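*Asks:* Chains as they are written, first to last, in this note's numbering: chain A, 1 to 343; chain B, 344 to 686; chain C, 687 to 1029. Note that CB positions come from ideal geometry on N, CA and C, so glycine has one too. All values reported here derive from a predicted model rather than from experimental measurement. To start, I am sharing the structure in question, which I have written as structure tokens.
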Amino acid sequence: MVDHRFFVKPEPLSINDILSSVQGLSLAKGDDSIKIHDVAPLHEADDTQVSFFDNKKYLDAYKASNAGAIIVSQAYVDTAPEGAVILVSASPYADYARVAQMFYPEPSWNRSYIAENAYIHKSAKIGAQCIIDHNVYVGKNVEIGDGTWIKPNTVIGPGVQIGQKTIIGSNNTLTHCIIGDGVRTLPGVKIGQDGFGFAMDPSGFETVPQLGRVLVGNGVHIGANTTIDRGAGPDTVIGDGCRIDNLVQIGHNVKLGRYCVLVAQCGVSGSTELDDFVVLAGQSGVAGHLKIGKGVRVAAQSGLMRDVEPGEEIMGSPAKPIKQHLREIATLTKLTAQRQKNK
Amino acid sequence: MVDHRFFVKPEPLSINDILSSVQGLSLAKGDDSIKIHDVAPLHEADDTQVSFFDNKKYLDAYKASNAGAIIVSQAYVDTAPEGAVILVSASPYADYARVAQMFYPEPSWNRSYIAENAYIHKSAKIGAQCIIDHNVYVGKNVEIGDGTWIKPNTVIGPGVQIGQKTIIGSNNTLTHCIIGDGVRTLPGVKIGQDGFGFAMDPSGFETVPQLGRVLVGNGVHIGANTTIDRGAGPDTVIGDGCRIDNLVQIGHNVKLGRYCVLVAQCGVSGSTELDDFVVLAGQSGVAGHLKIGKGVRVAAQSGLMRDVEPGEEIMGSPAKPIKQHLREIATLTKLTAQRQKNK
Amino acid sequence: MVDHRFFVKPEPLSINDILSSVQGLSLAKGDDSIKIHDVAPLHEADDTQVSFFDNKKYLDAYKASNAGAIIVSQAYVDTAPEGAVILVSASPYADYARVAQMFYPEPSWNRSYIAENAYIHKSAKIGAQCIIDHNVYVGKNVEIGDGTWIKPNTVIGPGVQIGQKTIIGSNNTLTHCIIGDGVRTLPGVKIGQDGFGFAMDPSGFETVPQLGRVLVGNGVHIGANTTIDRGAGPDTVIGDGCRIDNLVQIGHNVKLGRYCVLVAQCGVSGSTELDDFVVLAGQSGVAGHLKIGKGVRVAAQSGLMRDVEPGEEIMGSPAKPIKQHLREIATLTKLTAQRQKNK
């Protein structure tokens, strides 16, 4: 059950309200006038709540569910539990997400607040209906679009541009970057600091000035304590719609295409380019100066040291096609067992 | 030698004072009225200092030590250096820790201070003898227990509850969470931000509202820049007494039992449950939706992709029972050497 | 092209100005009175810009470059593009870095600014020409050297000493440490918090007071959200000139020699000592209580579990000499292929 200390208690919605808002849903069974009060998992939901079923593993829970309404694919309409309103969808989980957003919408974009202890340089341009929260620092020539919220104790360095309806989390530092619309950064994100660039010669290390920026596209989400360095000369680019988890490292000059997914603690080294829809699982790493094709999927903890063609699935360190990697692991297990037997 | 710019110079204590406070110690040799002024390692300690011996590797240092008092197990009383007071313990290192805490106690819980530039929402309830430090943000309906200290530049989001005698480090952001008594968070910890939850469908990614919380038990320690996401619906739970190191990632819905140890840079993926006393070594990772039994130990950099029975020791990526993993490594080394010889 | 919202447009310099400042350069071709306005990559530079050529991969770009001046090694003077001023160097990239620094110098050390909402304890000593930025906290008995800049929302704990011309990034927390001259920390760095030290006994975990410090040498650079714990008794030491990337973990009592390079997301466990010029690649890890010789190079994602002699190159988890590791990988691939063929 949702704790209403943290989440505003939602307004009830009729099935009809839901059907009007979420285009992908249609009514397969039940009464579209009944009121739904909240969302809940299949096994917890009562007859005032809406749930979804999208994973055969939970078929028993589906059949036994007391939910008031359930979002399912067409194939499961016939096995629906008695009494539930059944809403059919081609993407039950995504449509459930849309319904849950109706009950728990993002904060209104219609408020406006500048904390009195925020520092805002007089040259900065703050859009309409922004929130600039407590202890925020906004540097010279910063531009912040309408409806954007900068959470407490965050630093926005000189010249940074932030789009509309973006939420920048607390304890962030953003410098040398241009941030799109509808972006979300969680707490502790650091964007635009110097890339790791230096030359070695006999006298030691010589810092190479990092003269690029970070460009973050629209709708990008960036996880807690993730770091994205600015380019050395070219820019570091995060394509529209990318989802980046916590504690991820993105080096200078990296380019991510659209809708890439970078799971927690993975890292991308300098100057590597990922095409659209690439997935890097947790703790994986990609070496520098590589090109990773569209839709490539890299398994957890893998280490990628070569270019990869579109659509490949990759595993291991150094990473190989997943089937080959699994075959090699199996070979070693079998050879080890043979040696044991022959002892 | 301890630098007294950073640590308050301790008051001297007699052996008798120490014996009265630390129940596990008993006097095996020497005079219990002598005064001890500080703690120090075996090879550095002088006759005013107390040390401990718990690792055979340092037997020579023990025999040659000039320490005024040494904490050892019964087996080493006879080989003690001449002149030292010998204190016997069944757990010499733990009892040394208790003695060191006597010389270097935590800050007094009897002071009370609200920095004038802290922001505290008028609805927040702050206990007795709390410190709310500079540039701290305390949101609506927050409740903070007696004796708790919130260090500078930290953000406590709306509705958060924090127990008694807890110390929240600087540059933390805590939202959507309930924190126990006697908790310690180091600088940069982020707790309660959105889990990494979204649905994919042909139109892109749809964010799934994250409607759970983080529950942190009593006596938990959390390392610098570690991130703990709130649950998607169920809560993320950190059991009493867990010790979590720096830069650790804990995904949404994860449950840690009591007294788990998570070493630096390890990660636990969403919805995985660890029973009590599980140890994850540095840079290890655990995949999502797994159950890890009581007392399981996972070696450094291992990648766990299946459920594990209580007490197992696990190594490799993908992780296997440690003996099997080491045998496989040895097999590969031997087969490689054979191929070299046959060339 | 450099975005002058973020970087001050440089003043033009003559080739002569450059030759006077960068000792390693000499004029091989062209007119030393021409003016250079900026730096740029070979393929983008126009005749008012200086570039460098240091990697045969870009030989075609070099021959076709329109740059006004190019820094190269002696061997490439003859193949220089027509019309460019050619500057010869034994270290073209390092000398390019020095030239780029002339166009994009660090901020002037001649300004002085204390933000009115910074908190500075009355006992703290702030040098001449320092900047103490917005929402900074400076504790009791802190000493900050001349020309040092503390960026916004950073916390400097009691007793900390910071040298001259050091720049401490925003959202840092520095406690129990002594920081050298010319140090750079990027945003989110945490230095001096408690090491991960506790004793286990049947009653649970007993915290061992961490009584050491962190000593950071001159010219050290530390990346965003990196964490360095203070010593348990001995100090944690970072030698002069080390370059540490983002999200790196350094445990208590670790000693780094001079000019070590620690790439993003690597970790060094407690009490390990690295000699000078050691390189740890990304996501590598070093176990505790080891000694790593001068100039050792550890490959990405490797896990080091033993002492290493000077100059070794190491790879794998557990790590081995790189040649052996690669041979073992190749063996497994070949044995797997043979088994496939024999099926």
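1. Which first and last residues belong to the alpha helix (DSSP H) in which Asp-17(A) is found?
2. List the residues of chain A that Gln-735(C) touches, going by C-beta distances under 9 angstroms, in chain order.
3. On the premise that Gly-560(B) lies in contact with Gly-576(B), defined as a C-beta separation below 8 angstroms, what is that separation, rounded to the nearest angstrom?
4. Shorter than 7 angstroms from the beta carbon of Leu-1018(C) to some beta carbon of chain A?
5. Pull up the DSSP beta-bridge partners for Lys-35(A), would you.
6. Among residues of its own chain, excluding the 5 on either side of Val-728(C), which ones have a beta-carbon nearer than 7 angstroms to its beta-carbon?
7. With a threshold of 7 angstroms between beta carbons, is Asp-421(B) in contact with chain A?
8. In terms of alpha-carbon separation, which member of Leu-290(A), Glu-44(A), Gly-139(A) lies closest to Thr-154(A)?
9. Quick one, are the C-beta atoms of Gln-164(A) and Gly-147(A) less than 7 angstroms apart?
10. Would a C-beta distance cut-off of 7 angstroms place Gln-265(A) and Gly-293(A) closer than the cut-off?
11. Could you check the C-alpha separation between Val-906(C) and Ile-930(C) for me, to the nearest Å?
12. Based on the DSSP secondary-structure assignment, which residues constitute the bridge partners of Asp-201(A)?
13. For chain B, check one thing: does any of its Cβ atoms lie closer than 7 angstroms to the Cβ of Glu-829(C)?
14. Would you call Arg-184(A) buried or exposed, if buried means 16 or more other Cβ atoms sit within 10 Å of its Cβ?
15. So if I threshold CB-CB distances at 8 angstroms, which residues from the region 949-962 of chain C count as touching chain B?
16. Given a limit of 7 angstroms on CB to CB distance, which residues of the region 994-1015 of chain C reach chain B?
17. Once DSSP output is grouped into helix, strand and coil, what is the label at Ala-28(A)?
18. Taking DSSP as the reference, what is the three-state secondary structure of His-668(B)?
19. Under the assumption that Asn-857(C) contacts Asn-171(A) (Cβ atoms under 8 angstroms), give the Cβ distance between them as a whole number of angstroms.
20. Using CA atoms only, rank isn't needed, just tell me which of Gly-523(B), Ile-361(B), Gly-500(B) is closest to Ser-432(B).
21. When the Cα of Arg-213(A) is compared with those of Pro-158(A), Ile-15(A), Phe-103(A), which residue comes out closest?
22. Is Gln-683(B) buried or exposed, if buried means 16 or more other CB atoms sit within 10 Å of its CB?
23. What are the residues in the region 936-947 of chain C lying within 8 angstroms of chain B by C-beta distance?
24. Could you please tell me which residues of the region 202-216 of chain A, in chain order, have their CB closer than 7 angstroms to any CB of chain C?
25. Identify the residues that DSSP records as bridge partners of Arg-243(A): which are they?
26. Using the C-alpha atoms, what's the distance from Pro-353(B) back to Ala-443(B)?
27. Quick check on Phe-738(C): does DSSP put it in helix, strand or coil?
28. Please work out which residues of its chain come closer than 6 angstroms, Cβ to Cβ, to Ala-714(C), disregarding the five sequence neighbours upstream and downstream, and give them in chain order.
29. If I'm right that Asn-932(C) touches Gly-909(C) with Cβ under 8 angstroms, what's the distance once you round it to whole angstroms?
30. Between which two residues does the alpha helix (DSSP H) harbouring Ala-407(B) extend?
31. I need the DSSP call for Ala-97(A), collapsed to helix, strand or coil.
32. Under the DSSP definition of a beta bridge, which residues are partnered with Gly-285(A)?
33. Go through its chain and collect everything with a Cβ distance to Cys-975(C)'s Cβ below 6 angstroms, but skip five positions before and after it.
34. Among Arg-454(B), Gln-504(B), Asp-572(B), Lys-677(B), whose alpha-carbon lies nearest the alpha-carbon of Gly-540(B)?
35. With respect to the beta strand (DSSP E) encompassing Val-580(B), which residues constitute its N-terminal and C-terminal limits?
*Replies:* So, to answer that:
1. 15-21
2. Simply none; closest approach about 11 angstroms.
3. Gly-576(B) to Gly-560(B), Cβ: 20 angstroms. No contact.
4. yes
5. Ser-14(A)
6. The displayed chain sequence assigns Leu, not Val, to residue 728(C). Here the set comprises Ser-737, Phe-739, Tyr-744, Ala-747, Tyr-748, Ser-751, Ala-753.
7. no
8. Gly-139(A)
9. yes
10. no
11. 8 angstroms
12. Gly-204(A)
13. no
14. buried
15. Gln-951, Gly-953, Ser-955
16. Ser-1003, Arg-1013, Glu-1014
17. strand
18. helix
19. 6 angstroms
20. Ile-361(B)
21. Pro-158(A)
22. exposed
23. Gly-937
24. Gly-204, Phe-205, Glu-206, Thr-207, Val-208, Pro-209, Leu-211, Arg-213
25. His-221(A), Val-261(A)
26. 10 angstroms
27. strand
28. Val-763, Ile-772, Val-774
29. 4 angstroms
30. 402-407
31. helix
32. Gly-267(A), Gly-303(A)
33. Checking the sequence, you will find His at residue 975(C) rather than Cys. Closer than 6 angstroms at Cβ, skipping near neighbours: Ser-957.
34. Asp-572(B)
35. 579-581
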